[in-house]
Amino acid sequence: MTTQNSAIDAKNQNLTRRKFLTTGCVALSGAAAGLGTPRLWGQATPKPAEPPNIDPGFIGPQFFDEHEEQALLEVLESRSPFRYWGPGKPEKVLRFEESFAEYMHTRFALAVTSGTAALDCAVAGLGIGPGDEVIVPAYTWWSDYTCVVHAGALPVFADIDSSLNLDPADFKRKITPRTKAVIAVHLLGGPCDMDPIMETARKHSVAVLEDCAQCVGGSFRKKTLGSIGDVGIYSFQVNKMITSGEGGAVVTNDPLIYERSARFHDMGTIRRLFLDRSGPSRVQTFAGENFRMSEFTGAVLGAQLSKLDTMLAQLRGNARAIYNGIKNLPGINLRYRPDPDGDIGYGVYFETKDKASRDRCIRELRQSKVPASTLTGSVLLPVEESVMNKRARHPNWPSFNSPEGKKIKYGPDTCRQTLDIFDRFVQVRVGAKYTQRINDYIIDTIRSVYNSLT
Ligand SMILES: Cc1ncc(COP(=O)(O)O)c(C=O)c1O
């Protein structure tokens, strides 16, 4: 669905606005709401009969409505798609930054073109460079590795644990005198165990970069993710919580990190509005990039942000229902969630005893139309060929030419715990638009399949 085009087409064809907006929503909402089927508890749960239409879909686009449409039309009509000037008064990105900082409880927010760009800005903001080491989870998205390499620094992997996030104990073990930062990635909708991570980081003067790309709107002990460490980043790519197709943001409370990030996103220069926010300039111009967000993107994100609480409430409610329905299965190990209330509910996760059981479990759930899979959305980085061979964009790249860079080894022996966890966990996706009937069906099917495994 190309919604921007659809919006314009709908207008041209004189469709009523309501008709256009409901077309997509009906298609995405899955089966019509039904009364819940009676829950069947106990060991011998029979396989549920007729599967409803289960499609978790992309969360953000399911909530597109006249607010996104209106905001986009305003940009078109103003003929000012560039955030800094135009014939109109461009202020969609500006307002989005203000609202986003407020939502995330941080002093500053910077809108950029993607989560990857946000990571590059945050790394520049922290002043990370050649000679520095950055600790990165062994299972996460490429960009958490590439942002370190692009800065000329050395990525050092730490294992994940059964929270499916950074293992605080392994993070501690991987610290050296050269460790400048750790990237605490809140993967698959669940917050990292931030208390021990922050304690270790503060003790060793290691900066904390929170990657909230997969957990936008999540929290840990009532603090919004991104506001706990020194700097936080978010992605607004289509598979994230709120979306404009592509997009990203950096948040921080630190005026120096903010100014450096803002400079990096705009060729190394700084515009008045950023200094109005962060105070007199503290840094000279340096070589940067162009990661500026367009007004179209800002328009959609402004509308999406106003619905984030609704999206979270729906997704969390469905995930909670499914977790509650399976948590008393004898012997089941659910994902360790250091703060279940902060989880955004992207999926439900449980362990099986080995890879063969995991594969069988996934196969049987899928045969019953339950959206089950291995863990998704990330990469087992230390066993990727280009990582094992320490390949950067140039053979003399500083990351792997320092004494430590030459010495470091990646590969399966460096992340056994991560590989083992990856091989045993099952993911079942949760949708914001699931009905009670869908939740009940998923619960009954997981119970039935899980019981037949042992
Ligand atoms: C954990 C994590 N960090 C960063 C990114 C990068 O975001 P983007 O795709 O917007 O560049 C992603 C994207 O999937 C991600 O999952």
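In the numbering used here, the protein residues as written are 410 to 863.
For glycine and all other residues, C-beta sits at the position ideal for the given N, C-alpha and C.
Item, Value
"Can you give, in chain order, each stretch of the alpha helix (DSSP H) that sits fully within the segment 720–805 and has at least 4 residues?", "764–776 and 794–797"
"Would you give the residue range spanned by the beta strand (DSSP E) that PHE834 belongs to?", "834–838"
"Comparing the CB of GLY524 with every heavy atom of ligand 1, is any distance shorter than 7 Å?", "yes"
"Using only the alpha-carbon positions, how far apart do CYS601 and GLU486 sit?", "43 Å"
"Going by alpha carbons, who is nearest to LEU535 out of ASN727, PHE473, ASN662 and ALA510?", "ASN662"
"Indicate whether PHE834 and LEU573 have their beta-carbon atoms separated by less than 8 Å.", "yes"
"Rounded to whole angstroms, what's the CA-CA distance from GLY754 to THR706? Just pull it up for me.", "25 Å"
"Tell me whether LEU682 is buried or exposed, calling it buried when 16 or more other Cβ atoms sit within 10 Å of its Cβ.", "exposed"
"Use the C-beta contact count for TRP550: other C-beta atoms within 10 angstroms, 16 or more gives buried, fewer gives exposed.", "buried"
"Give the DSSP-derived three-state secondary structure of ALA510 in the structure shown.", "helix"
"Looking at the strands, I want to know which residues DSSP matches up with TYR548.", "LEU789"
"Rounded to whole angstroms, how far is the Cβ of TYR667 from the Cβ of GLY524, which I believe are closer than 8 Å?", "Actually they are not in contact, since the Cβ atoms of TYR667 and GLY524 sit about 18 Å apart, beyond 8 Å."
"Name the residue from PRO747, ASN462, LYS581 and ASP639 whose alpha carbon lies nearest to the alpha carbon of ILE544.", "LYS581"
"Alpha carbon to alpha carbon, how far is PHE566 from HIS559? Give it in angstroms, no decimals.", "16 Å"
"Given 8 Å as the limit, is there contact between the segment 506–525 and the segment 593–613, that is, 3 or more CB pairs closer than that?", "no"
"Given 7 Å as the limit, tell me if GLN623 has its C-beta closer than that to any heavy atom belonging to ligand 1.", "yes"
"Under 7 Å: does the beta carbon of LEU575 sit that close to some heavy atom of ligand 1?", "no"
"Exposed or buried, which one is GLY657 when buried takes at least 16 other CB atoms within 10 Å?", "buried"
"Compare the Cα-Cα distances from PRO791 to each of PHE505, ALA527, GLY540 and ILE569 and report the closest residue.", "ILE569"
"Would you decide whether ASP829 is buried or exposed? Buried here means 16 or more other CB atoms lie within 10 Å of its CB.", "exposed"
"Check each candidate in ALA730, CYS770 and GLU506 and name the one with the smallest Cα separation from GLN852.", "As written in the sequence, residue 852 is Ile, which differs from the Gln given in the question. ILE852 has its Cα closest to that of ALA730, out of ALA730, CYS770 and GLU506."
"Are the beta-carbon atoms belonging to GLU704 and VAL484 less than 8 Å from one another?", "yes"
"Do GLN836 and ligand 1 come close, with the Cβ less than 7 Å from some heavy atom?", "no"
"Would you check whether ligand 1 has a heavy atom nearer than 7 Å to the C-beta of GLY497?", "no"
"Whole angstroms is fine: what's the gap from LEU482's alpha carbon to GLY466's?", "26 Å"
"Give the straight-line distance between the Cα atoms of SER880 and ALA708, rounded to the nearest whole angstrom.", "No answer is possible for residue 880: the residues shown for the chain start at 410 and end at 863."
"Taking only the alpha-carbon atoms, compute the straight-line gap between GLN479 and ALA712 and give it to the nearest angstrom.", "9 Å"
"Return the chain-ordered list of same chain residues with a C-beta closer than 6 Å to the C-beta of THR446, the five sequence neighbours on each side being excluded.", "In this predicted model, THR446 has a pLDDT of only 38, less than 50, meaning its place in the structure is not dependable; the value taken from the coordinates is given anyway. The residues are ASP849."
"Quick one: Cα of PRO804 to Cα of ASN733, how far?", "52 Å"
"How many angstroms separate the CA atom of HIS514 from the CA atom of SER766?", "43 Å"
"For the structure I just gave you, are there three or more beta carbon pairs, one from the segment 769–781 and one from the segment 525–533, closer than 8 Å?", "no"
"Given 8 Å as the limit, is there contact between the segment 734–753 and the segment 817–826, that is, 3 or more CB pairs closer than that?", "no"
"Find the nearest neighbour of PHE673 within the set ALA696, THR585, ILE817 and MET603, judged by alpha-carbon distance.", "ALA696"
"So what does DSSP say about SER628, is it helix, strand or coil?", "strand"
"Kindly list the residues whose CB is nearer than 6 Å to the CB of SER944, restricted to its own chain and excluding five residues on each side of it in sequence; keep chain order.", "There is simply no residue 944 to check, as the chain begins at 410 and stops at 863 in what is shown."
"Tell me the rounded alpha-carbon separation between VAL757 and LEU743.", "8 Å"
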